[in-house]
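Under the working numbering, the first residue of the sequence shown carries the number 4, and numbering increases by one thereafter. Every residue gets a Cβ at the ideal spot worked out from N, C-alpha and C, and that includes glycine. Please read these numbers as outputs of a predicted model, since none were measured by experiment. Below you'll find the structure, written out as structure tokens, and then a few comments.
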Amino acid sequence: MATSSPRLDLPYIQPSQAQKHVTHNEALQRLDILTQLVVLEVGAQTSPAEPETGETHALGSAPTGTWAGQAGRLAYWTGNAWLFVTPHQGWRAFDRSSGRAFVHDGTEWKPELSDLNNLGEVGIGTGADATNRLAVASPASLFSHAGAGHQIKINKADDGDTASVLFQSNWTGHAEMGLAGDTTFAIKTSADGSNWQDMLRLNPTSQQIEMAPDGTTRVRLSAAELEIDTPVTGSAVQSGTTDVTDGRLVRVEGAHAAALSHHTSYYSANGTTANIDTCDAGFAGLIRDANAGTWPLTPHGAFVYVTTQAIYTGAAVLQTATYGYHSSTPTLLREFRRVRANSGGNWSPWYEIYNSNSLVGPVSQLAGVPTGAVVEQGSNASGQYVRWADGTQICTNDDTAITTPAAAFTGTITKIDGDKLWIGRWF
């Protein structure tokens, strides 16, 4: 007959044994140790000086003092001496010092839940699997701060791998955002879960933001420029050629109407300080010719309609100055033009554009350059005269007694049938 039980090593009462109570009490004592096992410390190395009866320790690998030579065993204080018990695989114990449950693996005590580290799978409200090792089925999930803030981190091993958040409907993916195959943050969508298209890309290398709603980049924003490769429409854009609503973007076909709507009286932005020599392309409106700049006519405070139009790149512009505006009675129209070079920003002289209002009238010139009308006709007491812008003058008179030609004159005098004809120049 065996002398003790196979699992807990409880002593059996033998046939015809004297003092059976001793054996029985020893078995009860071992049961008191092992049933609902509680230890003061797992891995204890030094025995206490004054232990309490029933006190139990799970000894470490190198205990000293009265525990010497009992490595890995349980030490139980009976009140008179230490009782040592060898634990077996699967035994469980609660460690009062750490507040954790331990299980013996046949060699040593280990935390029963491994301190929640390196768990193979965790399912909350649902089952986890080898791919979805953490699975949660819940109306919501809360990640709150433990201090000032909180971060959710998704890490990938290499730039070519994927770190993303996938949004599904009935287990079919329709939207995904993150780093997919590179380090560019992208948001992509799919109608069927199979064919995907990047909608938005934020590239940290080029420092650009790209939008590609149909697979082709339509909008690209960088520190240098905003590139748009699609028509711009909507309530923030002009609806047509006559739309002059404040705050809307101007379309090419509506630029004229928009400009006129804001420059109907004079150039309001800086109408009193604008310098026509330094104005940018697009400058347009009524402005007084007393303002700064080189003017085609002597400034006299009149309103002049000035337009400055780009004709190449950089500073190159074509500028037009139109005289003749009056608030109640428009005067004769006179128009002048000049150009500004792209390199250096130098201006050409002003040149007048002749029309039906400026072709006939008082002629004048400065250093050989016409400054008035093309042809002038008149008369005085000396006779009649015709002048041209190049300085040519023809005077006639039928009085043979008159020897002085009409108006200022240098040239020859010819008599024709009693009349006198003067041909020469008026300057």
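In this structure the region 218-232 does not lie against the region 245-261, because fewer than three pairs of beta carbons, one per stretch, are closer than 8 Å. Residue 137 sits in a strand when the DSSP states are folded into three classes. C-alpha of residue 192 to C-alpha of residue 180: approximately 9 Å in a straight line. Unbroken beta strand (DSSP E) runs of no fewer than 3 residues, entirely contained in the region 87-126, are found at 95-98, 103-107 and 112-114, following chain order.
In summary, residue 349 is exposed, with fewer than 16 beta-carbon neighbours lying within 10 Å of its beta-carbon over all protein chains present.
Looking at the backbone, the Cα of residue 47 and that of residue 157 are separated by about 40 Å.
About 6 Å separates the Cβ atoms of residue 319 and residue 343, confirming a contact at the 8 Å cut-off. For residue 388, the enclosing beta strand (DSSP E) has its first and last residue at 386-391.
Taking C-beta separations shorter than 6 Å and ignoring five residues to either side along the sequence, the partners of residue 389 in its chain run 380 and 397, following chain order.
Judged by DSSP in its simplified three-state form, residue 211 adopts strand. In the assembly as shown, residue 230 is an exposed residue. Its beta-carbon has fewer than 16 other beta-carbons within 10 Å. A Cβ-Cβ distance of about 6 Å is found for the pair residue 49 and residue 68, placing them in contact under the 8 Å criterion.
A straight-line Cα-Cα distance of about 20 Å links residue 215 and residue 170. The criterion of a C-beta distance shorter than 8 Å is not satisfied by residue 145 and residue 159. Per DSSP, reduced to three states, the secondary structure at residue 281 is coil, with no helix or strand assignment. Where residue 62 is concerned, the enclosing beta strand (DSSP E) starts and stops at 59-67.
Put simply, of 345, 360, 321 and 299 the residue whose alpha carbon is nearest the alpha carbon of residue 372 is 299. Short of 6 Å from the beta carbon of residue 44, and not among the five residues preceding or following it, lie these beta carbons of its own chain, in chain order: 60 and 100. When rounded, the separation of the alpha-carbon atoms in residue 277 and residue 187 is 47 Å.
Of all C-beta pairs linking the region 19-29 to the region 72-81, fewer than three are shorter than 8 Å, placing the two stretches out of contact.
Under the DSSP assignment, residue 70 falls outside any beta strand (DSSP E); it carries neither an H nor an E label. A straight-line Cα-Cα distance of about 15 Å links residue 139 and residue 168.
Between residue 65 and residue 74, the C-beta spacing is below 8 Å. Under DSSP, residue 206 shares a beta bridge with 211. Annotation: the continuous beta strand (DSSP E) that includes residue 383 extends over 378-383.
Residue 141 sits close to residue 127, with the two beta carbons spaced by under 8 Å.
DSSP places residue 158 outside any beta strand (DSSP E), giving it a letter other than H or E. Burial state of residue 306 is buried, judged by a 10 Å Cβ sphere holding 16 or more other Cβ atoms. Between residue 131 and residue 115, the C-beta gap is not smaller than 8 Å, which leaves the two residues out of contact. Of 87, 94, 322 and 102, the smallest CA-CA separation from residue 109 is found for 94. If the five residues before and after residue 54 are omitted, its C-beta is found closer than 7 Å to the C-beta atoms of 80, all from its own chain and listed in chain order.
For residue 339, the enclosing beta strand (DSSP E) stretches over residues 337-343.
Excluding its 5 nearest sequence neighbours in each direction, residue 386 has C-beta neighbours in its own chain below 6 Å: 398, 399, 400 and 409, listed in chain order.
Secondary structure at residue 26: helix, using DSSP grouped into helix, strand and coil. Residue 260 and residue 296 have their C-alpha atoms some 27 Å from each other.
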